[in-house]
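Novice: All letters in the sequence shown, in the order written, are residues 1 to 226 by full-length UniProt numbering.
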Amino acid sequence: MHTTILETERLLLRPFRETDLQELFECCQNPNLGNNAGWEPHKSIEDSKEVLHTVFMGNEGVFAIILKEDNSLVGSIGIITDPKRENTRTRMLGYWLKECHWGKGMASEATRTILDYGFNVLGLHLISANCYPHNTRSRLLLERNGFVYEGILHEAEMTYDGHVYDHLCFYQKKERVPMDQKDLTMISANRVRTEQPTKSQKDIPLSDILPERRYNDLADTNRTNK
1 MHTTILETER LLLRPFRETD LQELFECCQN PNLGNNAGWE PHKSIEDSKE
51 VLHTVFMGNE GVFAIILKED NSLVGSIGII TDPKRENTRT RMLGYWLKEC
101 HWGKGMASEA TRTILDYGFN VLGLHLISAN CYPHNTRSRL LLERNGFVYE
151 GILHEAEMTY DGHVYDHLCF YQKKERVPMD QKDLTMISAN RVRTEQPTKS
201 QKDIPLSDIL PERRYNDLAD TNRTNK
């Protein structure tokens, strides 16, 4: 088990502890959380105990997200081995957040910190991430924090209840490069398919599709090249 502790304005990212068990169960019994993350909602504290030991405490890349205000467990974030890549300088980002804290910017706050840790402390070259097509919150979080959409992995996962889901795949490199028109088209097409199926891609302006920073970066690049 690792001993690294990371800190943001509102959060502590620290290793999981045995004393987190009850709060972990309270978080993970929520079906809205498990169904977006691909695991079965916990039915008993024994379920949470097994996951705590085998997944959270047993993985050096996983952190508990602690709200400094009241020292409560509000989620988890980590960068673990990416099963789709053999390069040891890459890892995969994963995260979940207690539902009552959705929409408060905490996931982005934790993500920015874990990316800095991965690239500047661990020396990673690339960090990947994926989410289900229906998980709009997760996709937007990745896009807003600099991840580039690289495609759909079809029928990537069968969940505990027998559903088969595609994965929307993203990546971020340590040395970021501006997205080219191909990247923009891929994000645009995916957003149309998953959010506005009655519209065509050309009907939605890029400014409505892309995170503001990325859109402005592209606009600046285009002006420079003219």
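Note that beta-carbon positions come from the ideal geometry of N, C-alpha and C, so glycine has one too.
Which of the three DSSP states, helix, strand or coil, is assigned to Met92?
Specialist: Looking up residue 92 in the sequence shown gives position 92. Reduced to three states, the DSSP call for Met92 is strand.
Novice: At 3 residues or longer, what runs of the beta strand (DSSP E) sit wholly inside the segment 103-142?
Specialist: 126-131
Novice: Might you give, ordered along the chain, the residues of its own chain that have their beta carbon closer than 6 Å to the beta carbon of Asn30, omitting 5 neighbours on each side?
Specialist: As a first step, residue 30 is located in the sequence shown; it is residue number 30 there, counting from the start. Hits under 6 Å: Glu99.
Novice: Can you have a look at Leu33 and say buried or exposed, based on whether 16 or more other CB atoms are within 10 angstroms of its CB?
Specialist: On the sequence shown, position 33 is the one that residue 33 refers to. That one is buried.
Novice: Are the beta-carbon atoms of Ile66 and Leu12 separated by less than 8 Å?
Specialist: As a first step, residue 66 is located in the sequence shown; it is residue number 66 there, counting from the start. As a first step, residue 12 is located in the sequence shown; it is residue number 12 there, counting from the start. Yes, they are a contact pair.
Novice: Per DSSP, which one or two residues make a beta bridge with His167?
Specialist: Here residue 167 corresponds to residue number 167 of the sequence shown, with the count starting at 1. According to DSSP, which records beta bridges pairwise, His167 is partnered with Leu153.
Novice: Relative to the C-alpha of Glu175, which residue among Glu26, Leu126, Asn135 is closest?
Specialist: The count along the sequence shown starts at 1 and reaches residue 175 at position 175. When only C-alpha atoms are compared, the closest one is Leu126.
Novice: Looking at the unbroken alpha helix (DSSP H) that takes in Phe25, where does it start and where does it end?
Specialist: Taking the sequence shown and counting its residues from 1, the one referred to as residue 25 is at position 25. Here the alpha helix (DSSP H) through Phe25 covers 21-28.
Novice: Since Ala107 contacts Leu142 with CB under 8 Å, what's their CB separation in whole angstroms?
Specialist: Within the sequence shown, numbered from 1, the residue matching residue 107 stands at position 107. Within the sequence shown, numbered from 1, the residue matching residue 142 stands at position 142. In fact, because the Cβ distance is near 10 Å, the residues do not count as touching under 8 Å.
Novice: Please go through the same chain and pick out, in chain order, the residues whose beta-carbon is closer than 7 Å to the beta-carbon of Leu24, but skip the five residues on each side of it.
Specialist: Within the sequence shown, the letter at position 24 stands for residue 24. Counting only residues of its own chain and dropping the five nearest sequence neighbours on each side, Leu24 has a CB closer than 7 Å to the CB of Ser48, Leu52, Leu73.
Novice: At what residue ranges does the segment 7-88 contain a whole run of the alpha helix (DSSP H), taking only runs of 4 or more?
Specialist: 21-28, 31-37, 45-51
Novice: Confirm, please, whether the CB-CB distance from Cys169 to Leu153 is below 8 Å.
Specialist: To locate residue 153, count along the sequence shown from 1; it is residue 153. To locate residue 169, count along the sequence shown from 1; it is residue 169. A contact, by the Cβ cut-off of 8 Å.
Novice: By Cβ distance, which residues of its chain are closer than 8 Å to Glu212, with the 5 residues on each side in sequence left out?
Specialist: Start at 1 with the first residue of the sequence shown, and residue 212 comes out as number 212. Note on Glu212: pLDDT 38, under 50, position unreliable in the model; the coordinate value appears next. Once the five neighbours on either side are set aside, Glu212 has no close Cβ partner at all.
Novice: Measuring alpha carbon to alpha carbon, tell me which of Thr88, Asn59, Glu18 ends up nearest Glu46.
Specialist: Taking the sequence shown and counting its residues from 1, one reaches residue 46 at position 46. Of Thr88, Asn59, Glu18, the residue nearest in Cα terms is Glu18.
Novice: Would the beta-carbon of Gly75 fall within 8 Å of that of Glu157?
Specialist: Taking the sequence shown and counting its residues from 1, one reaches residue 75 at position 75. Taking the sequence shown and counting its residues from 1, one reaches residue 157 at position 157. Contact: no.
Novice: Within 10 angstroms of the Cβ of Asp161, are there 16 or more other Cβ atoms? Answer buried if so, exposed if not.
Specialist: Position 161 of the sequence shown, counted from the start, is the residue given in the question as residue 161. The residue is exposed, with fewer than 16 neighbouring Cβ atoms inside 10 Å.
Novice: Measuring from the CB of Trp39, is there a heavy atom of the ligand ADP at a distance below 7 Å?
Specialist: You won't find the ligand ADP in this model; it holds no ligand whatsoever.
Novice: Where does Leu115 land, buried or exposed, given buried means 16+ other C-beta within 10 angstroms?
Specialist: One-based indexing of the sequence shown puts residue 115 at position 115. Under this definition Leu115 is a buried residue.
Novice: Taking Gly78 as the reference, give the member of Lys84, Glu86, Asn59 with the closest Cα.
Specialist: Stepping through the sequence shown from its first residue, residue 78 is reached at position 78. Minimum Cα distance to Gly78 is reached at Asn59.
Novice: Would you mind stating whether Ser128 and Tyr171 have Cβ atoms separated by less than 8 Å?
Specialist: Here residue 128 corresponds to residue number 128 of the sequence shown, with the count starting at 1. Here residue 171 corresponds to residue number 171 of the sequence shown, with the count starting at 1. Judged by their CB atoms, Ser128 and Tyr171 are nearer to each other than the 8 Å cut-off.
Novice: Short of 8 Å in beta carbon distance, which residues of its chain neighbour Asp166, apart from the five on each side in sequence? Order them along the chain.
Specialist: Position 166 of the sequence shown, counted from the start, is the residue given in the question as residue 166. So the list reads Tyr132, Pro133, Ile152, Leu153, His154, Glu155, Ala156, once near-sequence residues are dropped.
Novice: What does the alpha-carbon distance come out to for the pair Lys202 and Thr8?
Specialist: Position 202 of the sequence shown holds residue 202. Position 8 of the sequence shown holds residue 8. The predicted position of Lys202 is uncertain, since its pLDDT is 49 and thus under 50; a value taken from the coordinates is nonetheless stated next. Distance from the CA of Lys202 to the CA of Thr8, rounded to the nearest whole angstrom, comes to 40 Å.
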